[in-house]
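Worksheet for the structure shown next.
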Amino acid sequence: MQFFKCSLLIVSLLVVTPVTAQQGTDLTAEEIMAAVKFNLKNEQYVYEEISAILTDQLGQRDTRQLRKFTRISDDGVIKFLLVFDEPEEYEG
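Quick note: the sequence shown uses the numbering used here, first residue 14, plus one each step.
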């Protein structure tokens, strides 16, 4: 489960990669979230389709297909909903 959270974080960081590349420095968690808010400030709803590839210590891979819905409220609160589509045993 911890590896999955890490993989999901890496996938989420891909959203802010252009900002990171421009700054050329390591960002803190607060700076990353500020960059996400900046990139999404004109969007109230965002829809993404994600492929998460999980690799264990033996190098075996497992893939998850999911959809991510993001909602940004007027007060700046960001909410995420992840819906797993594949494999079927994780669907929902």
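Glycine is no exception: its CB is placed at the ideal position from the N, C-alpha and C atoms. Predicted, not measured: the structure shown is a model, and the values here were computed from it.
What did DSSP end up calling residue i once you bin it into helix, strand or coil?
i	result
Glu61	strand
Glu56	coil
Val49	helix
Quick one: what's residue i bridged to in DSSP?
i	result
Asp75	Leu67
Glu99	Gln78
Roughly how many whole angstroms lie between the Cα atoms of residue i and residue j?
i	j	result
Ala47	Ile91	11 angstroms
Asp87	Gly72	43 angstroms
Val96	Asp39	30 angstroms
Gly89	Ala42	16 angstroms
Across the stretch 72–89 and the stretch 47–63, are there enough close Cβ pairs to call them in contact, namely three or more that are closer than 8 angstroms?
Contact between the stretch 72–89 and the stretch 47–63 is present, with at least three C-beta pairs closer than 8 angstroms.
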